[in-house]
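Colleague: Pasting a structure below so you can have a look.
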Amino acid sequence: MMLLENIRLALTGLRANKMRALLTMLGIIIGIASVIAIMTVGNSLTVELNNEFASMGASNIEVLITRKINEEDISTDGMIYTESYRDRRPTDDDYITEEMIQAYIEAYEDKVYAIAAYESVTSAQVKQGNLYANVNIQGVNLGQLYTDKTEIMAGRVFSDRELNDSGKVCLVSDKFVNNMYDGNLEEAIGQSVPVEIAGKSYSFVIVGVYEYEQNSYSFETVSEKDLYTPMLIPIRSAKAITHTNNYPQFSVVGQTGVDVNSFMTETQNFFNKYYERNKDFEVMAYSMSSYLEEMNDMVKTMTLAIAVIAGIALLVGGIGVMNIMLVSITERTREIGTRKALGAPNSSIRMQFIVESIVICLIGGIIGMLLGILMGYGGVKLIQSTAFEVSVKSVLISIGFSMGIGVFFGYYPANKAAKMDPIEALRYE
Amino acid sequence: MEDNKKQIINMRGIVKRFYIGTPNELTVLKGIDLDVYEGEFVAVVGASGSGKSTLMNIIGSLDRPTEGSYILDDIDISKAKDSELSGIRNKKIGFVFQTYNLIAKTNAIKNIEVPMLYAGMSLRERNKRAEELLALVGMEDRMHHLPEELSGGQKQRVAIARAMANDPAIILADEPTGALDSSTGRMVMDIFHKLHKEQGKTIILITHSPELAEECERIITIKDGEITGQRKGKGVSES
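Chains as they are written, first to last, in this note's numbering: chain A, 1 to 429; chain B, 1001 to 1239.
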């Protein structure tokens, strides 16, 4: 009842003094707008980052062989020199065997979706008559094709038999087909590709053509004709060429819903059981997602830091509100005296001015919020982020905060008004 | 004097001192005894500096006496707490000021509603009562006018209506015609007479004008903080 009356009173007062009201609110508007804008940009950046990482397979667990750090590696100055003269390089025997991987898959059947492994062989030039194409020969398994999001345009991927029996088959890129078969995908399927690797001749039959996607992080300067594109062969075929059996590294694709961080530790512990007796090497598992978390934290911290600076504008705005409230109370001393004579208890007077202060701040807060969202949108467009996420939390916080400012900076003037002596106030000229 | 009528104001030995305990301690009221009965129309006259404003503040419960007892409508004001005084002012006293003191940017009807608001009346009740009161002072056609759109006389009529809002025990009018020309002043005085006669209101008029004082039933003269004379005025009711 009284509250509604007080709000009405405050609005009437604001309408009567529009210019002053606007100037008073300006500090709050600027403060809230900048906080919201910064939070919006920060939030959008985080979402963008997460999307980007997700497309890069951030939730995959990378498993690789790493050097054990022994006591004697820590030098007297406290530094760790891993590449010291007595270090030996890891050999095939130190790498992870297929048996280990098999045991791992069986142990974590419900958590492992796929294992992605590859083996780089070499770069080569395929020649037929006066036609040529540059290739990077790489051994892959189906998991690797999955994590690379390889799109098959024609033909098929490797069959289980080809994968198990080191089949002499390959997948080539559409660019390769452009160079060799004038872009005719169907004609390419079934063709033999002769390559020379380390002085020996090999021949692979094309079973499929995939769409080559230029890495968005590298800028190729060579012409499309001279471009090196991967020629994918079954991983065992590649290992037969490189005379290796084991895996220095591979990635684990987890099932959806698996907690990557804990699974990462489990994975590392699982493989290290096999490395207890290896003096020099052990297995390390890591995931981009832990880096992602770090980056998210960093963006969050930075956003917060800038928002706090912007919050200073809010503080200044609040002081402006307090200043104007003090002026307003002095101007209205007679009104306060009259109200008191008419029977207003001190609490009513205090409430009247606190409500007035809250109303000023809240209106400023709402205008600032809308302006901030708009500015945030502009900012997001400026950094060319595709994501635009208004932080609902920041909107709620800033509305609450502006009301808080109203109470905090309104209390002192309101209390001053409440404590006025009615006789003095009535006599005030 | 009027034993059959209820005593509204009972003051005994009212002393008011300012700057107590300092070298310039000032005794403004030096032992006032005052009785006002229900339905009386009393004038308090005195030169400026006589202490009549201080007496008015004490009668109006804006201030408490330093010494003495003051009972207003059976309530002991001299013992009331600050928080109680606002309630007493709200329900027992209707103030009419020389400078009207209407609340700016607030129309006539809303101004009249202010005391009712603090008394916790509902919006509908307030509205109804405020309209009645505006009609009583002949201002019903200026209901939605802002104070700045009203003449001095009109403002004072709204102020009188406001003073009547919570049907107070006394109307305390401090130089109500002081800022008005004689014809509008006359009109305002006529309203007081009307309220006195028709509604039986107890009215205390503080003035320095002997002519206005003569219109009242009883004239109390105050000088140097003491009541120096009480006599009947021409406005003695026939009853």
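No residue lacks a Cβ here, since even glycine has one placed at the ideal position from N, Cα and C.
#1: If you measure from the beta carbon of L3 (chain A) to each beta carbon in chain B, is any gap under 9 Å?
#2: What does the alpha-carbon distance come out to for the pair G379 (chain A) and I306 (chain A)?
#3: Keeping to the same chain, check which residues put their C-beta closer than 7 Å to that of G1229 (chain B); ignore five residues upstream and five downstream.
#4: With respect to the alpha helix (DSSP H) encompassing Q384 (chain A), which residues constitute its N-terminal and C-terminal limits?
#5: So I423 (chain A) contacts chain B; which residues on that side make the cut at Cβ distance below 8 Å?
#6: Determine whether the beta carbon atoms of S290 (chain A) and N261 (chain A) lie at a separation below 9 Å.
#7: Three-state secondary structure (DSSP) at T46 (chain A)?
#8: Nearest-angstrom Cα distance between I32 (chain A) and G1046 (chain B)?
#9: Go to M1164 (chain B), then tell me how far its beta strand (DSSP E) extends in each direction, as first and last residue.
#10: Report buried or exposed for P1147 (chain B), applying the criterion of at least 16 other Cβ atoms within 10 angstroms of its Cβ.
#11: Does any CB atom of chain A fall closer than 9 Å to the CB of K1005 (chain B)?
#12: At the level of alpha carbons, what is the spacing between E1002 (chain B) and G1039 (chain B)?
#13: Check each residue of the segment 326-360 of chain A: if its Cβ is closer than 9 Å to any Cβ of chain B, include it; give the result in chain order.
#14: First and last residue of the beta strand (DSSP E) that includes V114 (chain A)?
#15: Report the neighbours of A16 (chain A) on chain B: residues whose CB is nearer than 7 Å to its CB, in chain order.
#16: Under a Cβ-count criterion, where at least 16 other Cβ atoms within 10 Å of its own Cβ denotes burial, should V392 (chain A) be classed as buried or exposed?
#17: Quick check: what's the CA-CA separation for D148 (chain A) versus T46 (chain A)?
#18: If I'm right that L171 (chain A) touches Y210 (chain A) with Cβ under 8 Å, what's the distance once you round it to whole angstroms?
#19: With distances taken Cα to Cα, identify the nearest neighbour of M100 (chain A) among A:N17, A:L3, A:Q268.
#20: Quick one: does G368 (chain A) have its CB under 9 Å from some CB of chain B?
#21: Tell me, to the nearest whole angstrom, how far the beta carbon of I1093 (chain B) is from that of P1168 (chain B); I am working on the premise that it is less than 8 Å.
#22: In this structure, what does DSSP give as the bridge partners for G1229 (chain B)?
#23: Starting from the beta carbon of R976 (chain B), find every residue of chain A whose beta carbon is closer than 8 Å, and list them in chain order.
#24: Chain A partners of V1114 (chain B), CB-CB under 9 Å?
#25: In terms of residue numbering, what span does the beta strand (DSSP E) encompassing K1079 (chain B) cover?
#26: Take the Cβ of F1018 (chain B) as the centre, count every other Cβ of all protein chains shown within 10 Å, and call the residue buried at 16 or more, exposed below.
#27: In angstroms with no decimal places, state the Cα-to-Cα distance between N136 (chain A) and V121 (chain A).
#28: Under the assumption that G1200 (chain B) contacts E1214 (chain B) (Cβ atoms under 8 Å), give the Cβ distance between them as a whole number of angstroms.
#29: How is D1033 (chain B) classed by DSSP in three states: helix, strand or coil?
#30: Pull out every residue of the segment 1195-1215 of chain B whose Cβ sits closer than 7 Å to any Cβ of chain A, in chain order.
#31: Going by DSSP in three states, E1238 (chain B) sits in which element: helix, strand or coil?
#32: What runs of the alpha helix (DSSP H), each 4 residues or longer, lie entirely inside the segment 1105-1172 of chain B?
#33: How close, in whole Å, do the beta carbons of T338 (chain A) and L426 (chain A) come, if the pair is a contact with beta carbons under 8 Å?
#34: Could you give the first and the last residue of the continuous alpha helix (DSSP H) run that contains I306 (chain A)?
#35: Find the nearest neighbour of M264 (chain A) within the set A:M284, A:Q249, A:I189, A:N415, judged by alpha-carbon distance.
#36: Residues in the same chain with beta-carbon distance under 7 Å from D1035 (chain B), minus the five sequence neighbours each way, listed in chain order, please.
Modeller: This is what the structure gives:
#1: no
#2: 14 Å
#3: T1221
#4: No alpha helix (DSSP H) holds Q384 (chain A); DSSP gives it neither H nor E.
#5: N1057, L1062, D1063
#6: yes
#7: helix
#8: 59 Å
#9: Here M1164 (chain B) belongs to no beta strand (DSSP E), and DSSP marks it neither H nor E.
#10: buried
#11: no
#12: Confidence in E1002 (chain B) is poor, its pLDDT being 49 and thus under 50, which makes the residue's placement too unreliable to answer from.
#13: R332, R334, E335, G337, T338, R339, K340, A341, L342, G343, A344, P345, N346, S347, S348
#14: Looking at the sequence provided, one finds Ala at residue 114 (chain A) rather than Val. Counting along the chain, the beta strand (DSSP E) containing A114 (chain A) begins and ends at 112-116.
#15: K1105
#16: exposed
#17: 23 Å
#18: 5 Å
#19: A:Q268
#20: no
#21: 5 Å
#22: B:T1221
#23: Nothing in the structure corresponds to residue 976 (chain B), since chain B is present only between 1001 and 1239.
#24: T338, R339, L342, G343, A344
#25: First-last for K1079 (chain B): undefined, no H or E at that position.
#26: exposed
#27: 8 Å
#28: Rounded, the Cβ-Cβ distance is 21 Å, inconsistent with contact.
#29: strand
#30: none
#31: In this prediction, E1238 (chain B) has a pLDDT of 46, which is less than 50 and means its spatial position is unreliable; what the coordinates show is noted afterwards. Note: E1238 (chain B) maps to coil in three-state DSSP.
#32: 1108-1118, 1123-1136, 1152-1163
#33: 7 Å
#34: 288-331
#35: A:M284
#36: Q1007, I1009, N1010
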